[in-house]
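*Asks:*
Numbering (this note's numbering), first residue to last: 15 to 773.
#1: Three or more beta-carbon pairs under 8 Å between the region 340-359 and the region 417-437, yes or no?
#2: What does a CB cutoff of less than 8 Å around residue 552 pick up in its chain, not counting 5 residues either side in sequence?
#3: Rounding to the nearest angstrom, what Cα-Cα distance links residue 207 and residue 714 in this structure?
#4: Could you give the DSSP three-state label for residue 266: helix, strand or coil?
#5: Given a cut-off of 9 Å, decide if residue 457 and residue 412 are closer than it, judged by their beta-carbon atoms.
#6: So does the region 169-189 actually touch the region 98-117, counting three or more Cβ pairs closer than 8 Å?
#7: Nearest-angstrom Cα distance between residue 585 and residue 602?
#8: Once the 5 residues before and after residue 751 are set aside, which same chain residues still bring their CB inside 7 Å of it?
#9: Since residue 71 and residue 138 should fall inside the 8 Å C-beta cutoff, what is the C-beta to C-beta distance between them, to a whole number of angstroms?
#10: Quick check: the Cα distance between residue 16 and residue 64, rounded to an integer number of angstroms?
#11: Return the chain-ordered list of same chain residues with a C-beta closer than 6 Å to the C-beta of residue 285, the five sequence neighbours on each side being excluded.
#12: Going by alpha carbons, who is nearest to residue 687 out of 704, 676 and 675?
#13: Looking only at its own chain, which residues have a Cβ that is under 7 Å from the Cβ of residue 32, when we skip the five neighbours before and after it?
#14: Which residue or residues does DSSP assign as beta-bridge partners of residue 475?
#15: Return the residue from the list 169, 637 and 434 that minimises the CA-CA distance to residue 771.
#16: Cα separation between residue 468 and residue 504?
#17: Pick helix, strand or coil for residue 623, following the three-state DSSP scheme.
#18: Can you list, in chain order, the residues of its chain whose CB lies under 8 Å from that of residue 227, leaving out five sequence neighbours each side?
#19: Does the Cβ-Cβ distance between residue 409 and residue 448 come in under 9 Å?
#20: Count the other C-beta atoms from every protein chain shown that fall within 10 angstroms of the C-beta of residue 657, then say buried if there are 16 or more, exposed otherwise.
#21: Should residue 169 and residue 159 be called a contact, given that it needs their Cβ atoms to be closer than 9 Å?
#22: Using three-state DSSP, classify residue 215 as helix, strand or coil.
#23: Using 10 angstroms around the beta-carbon of residue 773, count the other beta-carbons present and answer buried if the total reaches 16, otherwise exposed.
#24: Using DSSP's beta-bridge definition, name the partner residues of residue 274.
#25: Excluding the five sequence neighbours on either side, which residues of its own chain have a C-beta within less than 8 Å of the C-beta of residue 77, listed in chain order?
#26: Assign residue 782 to one of three DSSP states: helix, strand, or coil.
#27: Give a yes or no on contact between the region 379-399 and the region 357-367, applying the rule of three or more CB pairs nearer than 8 Å.
#28: Since residue 9 is in the alpha helix (DSSP H), which residue starts that stretch and which ends it?
#29: Whole-angstrom Cβ separation of residue 199 and residue 760, contact assumed at under 8 Å?
#30: Taking the alpha-carbon positions, what's the residue 220 to residue 188 distance?
#31: Considering residue 128, what are the terminal residues of the beta strand (DSSP E) in which it resides?
#32: Determine the DSSP secondary structure at residue 110, reduced to helix, strand or coil.
#33: Under the three-state reduction of DSSP, which class applies to residue 509: helix, strand or coil?
#34: Is it the case that the Cβ atoms of residue 127 and residue 185 are separated by a distance below 9 Å?
#35: State the start and end residues of the unbroken beta strand (DSSP E) segment that holds residue 238.
#36: Would you kindly report the start and end of the unbroken beta strand (DSSP E) that includes residue 731?
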């Protein structure tokens, strides 16, 4: 199985020329068949293989010395030195003890654990780890470099736990890939996050630095899967790619490039800064923490201040402020309701302008220029080329010698309106232009938060702002990427609607955001309103008349078709030129039924607040309307269960022709729910929907004979309803956990109304 022709040829050549030949397996299992094919003894082959399998510089040297010994050129070296499966390594000390590592520490400084693969010790490729240790020390952090075989290896896990028990980290910097948890299950916890420290994902890229620098994507597909997407499952916060595989030199003796991971200094610095800032956030008492809460504003009108997809952002912000005050933050006086918060903010500068507005916060021109001068020259040049000098920005006020900022301070918390990217200045640009660089006023906003205000953390409330869409790489950003230039190494939390993980990934991967998922808005039946209700009544009247009053049909048909044209419903209903009048009526009837049964949003979700009353019932019904999991028993569709138990017909309420005549049973429990006609399958579905709501709300009693319905209701009452009612508390708790500088437990994402009640 090892290429017989090649092996036989090598053996013959070695024997003919008196060459000592050893065949060694390339994995961690000895192979007697290979050893027996060698011209050396099995003992010698096993020893050579052991040097290589243990790895590390000392064993590599001993391997070469032993080769010389076999040639009779020197004494036999020591036996292979076993390399621990997991342990501590420190620059200048090698594999060492915690006591020895602590000799390099500063008394009382926060600990940053660095987790990396044992393979780096085996290969001697530790330069990136050494660079991280040095960068952390320069920032007053105590580095705890831990090597592991795998985070799924029992010895490695217990080693990490033991070290953390004696040196609890404030932050963890993880360079290992993949995930410990299952993407489809509940987060099981990992050894890295058990202490509650946030875990930063630090990437040692498999690509070259040259390829990374030239790439708009940032990383290869392999790196993306191994080092980004899967680690996200474990709740790791993506920092940066800090090292790349480069050909460090060409070795003449082996006639090959020596390829190794080499640290990129600016990326090492960013990762160390981010770790330090998370540790500082955790160390600061709540009463001293400074937090910025930023509300989105698109389009750039005051009528859209604080807009978030599916989220009542202003009301949610007030809930957050209340929770922060109760948790010990100094919040000062702040508006008591969402509407008053927006009125207060709109009194100051907004993206609609600053003329006649109350100027509450200003960053001086000198402060801004100091900040701007520290940005990479490439960033500076792009901004000046597009927007000119800072004084030309519309938010620069000569009378204040600085920039007017759309911010309001409440104690140690500031609330603000995120500045526009410049579309309000240059209308020619389109909102989604990927190359439009932000203007000076945008930079000034974040410069004040990072500098004069000295924020410990920034919260962007709701999907979505524009920071994560600024020009630059898709991930593994460089110093020349605008999201990094604007935000810097700032702890970043982002309440985001749970049903859009794709756009949430932008924020995670480009701004190191911790996503705090929030519930979708309550869902309810669309039903019929206004002209649609009138139209539905006419259609019902038409079909009733067709059975007992044919003389009225002509008039009703005329009224229906005229109303369709008046409200422009013909195209929506699929009516095309050439359809006969009866065909038009059939299409219209089916369309009205489908429209009425559509699930639509009923208001907006308020962060930190679970739906109650009718909204809770409607949301729960929308969740159990479709099958979940295996789709049987308690996970079956409630609507299908009602159809099976009450109608005794092969009828699927989730997949039927709504306009088709109903020919099945009409049990009293369904009939009395509506006074209107029961003509079509759509009418049947409407009654099933109403009964489902009554059952979930507890206003109707489930008959003992309804075995299928009973199973779904039991699951609904024991699991689904309680899960919804705790969402508000969990949202606030998760945000406060992140603001404490602690690990936020990850979870699944997706649309709960599409069978994802695990979300």
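A virtual CB, placed ideally from N, CA and C, is assigned to each residue, including glycine.
Please read these numbers as outputs of a predicted model, since none were measured by experiment.
*Replies:* According to the structure data:
#1: With the cut-off at 8 Å, the region 340-359 and the region 417-437 touch.
#2: Excluding sequence neighbours, residue 552 sits near 570, 573, 574 and 577.
#3: One C-alpha to the other measures close to 46 Å.
#4: In the three-state reduction of the DSSP assignment, residue 266 falls in the coil class.
#5: Contact check for residue 412 against residue 457 fails: the beta carbons are separated by 9 Å or more.
#6: Under the three-pair Cβ rule at 8 Å, the region 169-189 counts as touching the region 98-117.
#7: Those two C-alpha atoms are separated by around 10 Å.
#8: Within its own chain, the residues whose Cβ lies closer than 7 Å to the Cβ of residue 751, once the five positions on either side in sequence are excluded, are 758, listed in chain order.
#9: About 5 Å; that satisfies the 8 Å criterion.
#10: About 20 Å.
#11: Taken in chain order, the residues that qualify are 216, 253, 254 and 256.
#12: Ranking the options by Cα distance to residue 687, first place goes to 704.
#13: Taken in chain order, the list of residues that qualify is empty.
#14: Paired residues: 309.
#15: Checked all of 169, 637 and 434; the closest Cα to residue 771 is 637.
#16: Straight-line Cα distance between these residues: approximately 10 Å.
#17: DSSP places residue 623 in strand when its eight states are reduced to three.
#18: These residues qualify, in order along the chain: 492.
#19: No; because the gap between Cβ atoms is not below 9 Å, this pair is not in contact.
#20: That one is buried.
#21: Taking a C-beta distance under 9 Å as the contact criterion, residue 169 and residue 159 do not qualify as a contact pair.
#22: Shown here, residue 215 sits in a strand according to DSSP, grouped into three states.
#23: Counting Cβ neighbours within 10 Å, residue 773 comes out buried, since at least 16 surround it.
#24: 260.
#25: Apart from the 5 residues on each side of it in sequence, residue 77 sits with its Cβ closer than 8 Å to the Cβ of 62, 65 and 66 in its chain, given in chain order.
#26: As displayed, the chain neither begins before 15 nor continues past 773, which places residue 782 out of reach and without an answer.
#27: As far as the Cβ criterion goes, the region 379-399 does not touch the region 357-367, which means the pair count is below three.
#28: In this structure the chain extends from 15 to 773, so residue 9 is not present and cannot be described.
#29: Going by Cβ atoms, the distance from residue 199 to residue 760 rounds to 11 Å, so no, they are not a contact pair.
#30: Going from the Cα of residue 220 to the Cα of residue 188 covers about 16 Å.
#31: Start and end: 125-131.
#32: Shown here, residue 110 sits in a strand according to DSSP, grouped into three states.
#33: Of the three classes helix, strand and coil, the one that applies to residue 509 here is strand, per DSSP.
#34: Yes, they are a contact pair.
#35: No beta strand (DSSP E) contains residue 238, which DSSP labels as neither H nor E.
#36: That residue, residue 731, is in no beta strand (DSSP E); it is neither H nor E in DSSP.
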